[in-house]
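There are 2 protein chains.
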Amino acid sequence: MTDADTVRQTRTASHGWYIQRLARQLDLWMAEELAAFDLTHGQFAILMMVIECDGQTQAGIGQRFAMPPYAISRAIDGLETRGLVTRAPHPGSRRAHLVRATDAGRALAPDLAAVVARVNARLTAGLSPERATDFLDMLQTTLSRATQDGCS
Amino acid sequence: MTDADTVRQTRTASHGWYIQRLARQLDLWMAEELAAFDLTHGQFAILMMVIECDGQTQAGIGQRFAMPPYAISRAIDGLETRGLVTRAPHPGSRRAHLVRATDAGRALAPDLAAVVARVNARLTAGLSPERATDFLDMLQTTLSRATQDGCS
DNA sequence: GCTATTTTGTTGCAATTGCAAATATTGCAA
DNA sequence: TTGCAATATTTGCAATTGCAACAAAATAGC
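The structure is reproduced here in structure tokens:
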């Protein structure tokens, strides 16, 4: 077998290859959608998370995303400037903050959920509903080994 | 239903969410592996592609990856400097180049394939072989709507 | 044959990212 | 109680990225 064959076989049998490609496509689609809200992908993700789980610390958010602390910090800078979230004092520690969605932030929830739904529909357009559900299940299984779920 | 519920439901039902998270995890794992070869993720991807399909133009490579031209250009700069690929003249056009793997580049094929195999094993560790195959099939289906496959 | 347009690839510069150090606070242990 | 390690977050600076302009070559229209 030639090197080309080896490599081709490796690639076409590689989940990672397709996941990376899909992720890039998703980034593109999300960027399209988020332009209307003037949110970066990171800000969007954090805002969604904060609406879902109000009053988390930045470290808590980071853990959930596997997003580095400085990225959280800067994304929240932007969201705070735009009045979508606030950094409230943590009751038990003066160095941690509770990140809370403002009313303005929470008001975006339906729109943001719609964005996700649209992108998702686009992504799964080639799969039957049953197969799409199964796909989701596999994604969750694969990821669950590296993450927790639910609020705090 | 509260906004938190809406958002939570949206997220947990979103393929995109999990794909993005998985992609980030993969990036981390790949970075770990590629440190040994001193290759960026982009250089790795292009080198693999060039070994698989020798003598493509940069535009051809870019199309296959959905990678922007300047990223290709700079990644190949790095690979060329390190003697892993060359820019050969295109027979029919003086502005296009044929990107070819050198012997040194091709020599990395087994190692690079092994990297992919290891990362992939890690990724699918939670799935049975049958389910892993099915998962791969779904990824291909989902992506195929946006890509071509094979050489030239 | 001559100009306009498109294709192919590169590059300057500004924005973004990421590391590593700094800041501030907390807890622990001698 | 004091000093030392750990935690939570921010920030300076260097590396990377991405846009948009550029250059060069090929193609098309006149």
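Residue numbers (the working numbering), protein chains in the order written: chain A, -18 to 133; chain B, -18 to 133. Just so you know, even glycine gets a beta-carbon here, dropped at the ideal spot from N, CA and C.
- The way I'd put it, the region 87 to 97 of chain B doesn't touch the region 40 to 53 of chain B; fewer than three beta-carbon pairs between them come closer than 8 Å.
- A residue is called buried once 16 or more other Cβ atoms fall within 10 Å of its Cβ, and Cys132(A), having fewer, is exposed.
- Counting only residues of its own chain and dropping the five nearest sequence neighbours on each side, Thr67(A) has a CB closer than 7 Å to the CB of Glu61, Arg81, Thr83.
- The continuous beta strand (DSSP E) containing Thr67(A) extends over residues 66 to 71.
- The alpha-carbon of Asp8(B) is positioned some 19 Å away from that of Met119(A).
- One alpha carbon belongs to Gly64(A), the other to Arg55(A), and they sit about 14 Å apart.
- With a cutoff of 9 Å on beta-carbon distance, Ala4(A) and Leu3(B) are scored as near each other.
- Residues of chain B with a Cβ closer than 8 Å to the Cβ of Phe116(A) are, in chain order, His(-4), Phe116, Met119, Thr123.
- Taking a contact as a CB-CB distance under 8 Å, the pair Thr123(B) and Gly107(A) counts as one, their CB atoms being some 6 Å apart.
- By the C-beta criterion, the region 31 to 44 of chain B is judged to be in contact with the region -18 to -11 of chain A, since at least 3 inter-stretch pairs fall below 8 Å.
- Ala77(B) and Ile57(B) have their alpha carbons spaced roughly 14 Å apart.
- Pairing Ala98(A) with Leu15(A), the inter-Cα distance amounts to about 13 Å.
- The C-beta of Gly73(B) has fewer than 16 other C-beta atoms within 10 Å across all chains shown, which makes the residue exposed.
- With a cutoff of 9 Å on beta-carbon distance, Leu79(A) and Pro70(A) are scored as near each other.
- Phe116(A) and Ala94(A) have their C-alpha atoms roughly 20 Å apart.
- For Leu20(A), there is no enclosing alpha helix (DSSP H), as DSSP marks it with neither H nor E.
- Boundaries of the alpha helix (DSSP H) harbouring Leu104(A): 90 to 104, taken from the DSSP string.
- Looking at Glu111(A), Val96(A), Arg112(A), the one whose alpha-carbon comes closest to that of Gly(-3)(B) is Val96(A).
- The alpha-carbon of Gln39(A) is positioned some 29 Å away from that of Thr21(B).
- Residue burial is scored here from C-beta neighbours: Met11(A) has at least 16 other C-beta atoms within 10 angstroms and is therefore classed as buried.
- A residue is called buried once 16 or more other Cβ atoms fall within 10 Å of its Cβ, and Ala17(A), having fewer, is exposed.
- Within the region 102 to 116 of chain B, the residues whose Cβ lies closer than 8 Å to some Cβ of chain A are Leu104, Thr105, Ala106, Gly107, Leu108, Arg112, Ala113, Asp115, Phe116, listed in chain order.
- Scanning chain B for C-beta atoms nearer than 7 Å to the C-beta of Met29(A) yields Val(-12), Arg(-8), reported in chain order.
- Rounded to the nearest whole angstrom, the C-alpha separation of Glu111(A) and Ile53(B) is 39 Å.
- Identification of residues in the region -2 to 13 of chain A having a C-beta nearer than 9 Å to some C-beta of chain B yields Trp(-2), Tyr(-1), Ile0, Gln1, Arg2, Leu3, Ala4, Arg5, Gln6, Leu7, Asp8, Leu9, Trp10, Met11, given in sequence order.
- Scanning its chain for C-beta atoms nearer than 8 Å, with the 5 sequence neighbours on each side dropped, one finds around Arg103(B) the residues Trp10, in chain order.
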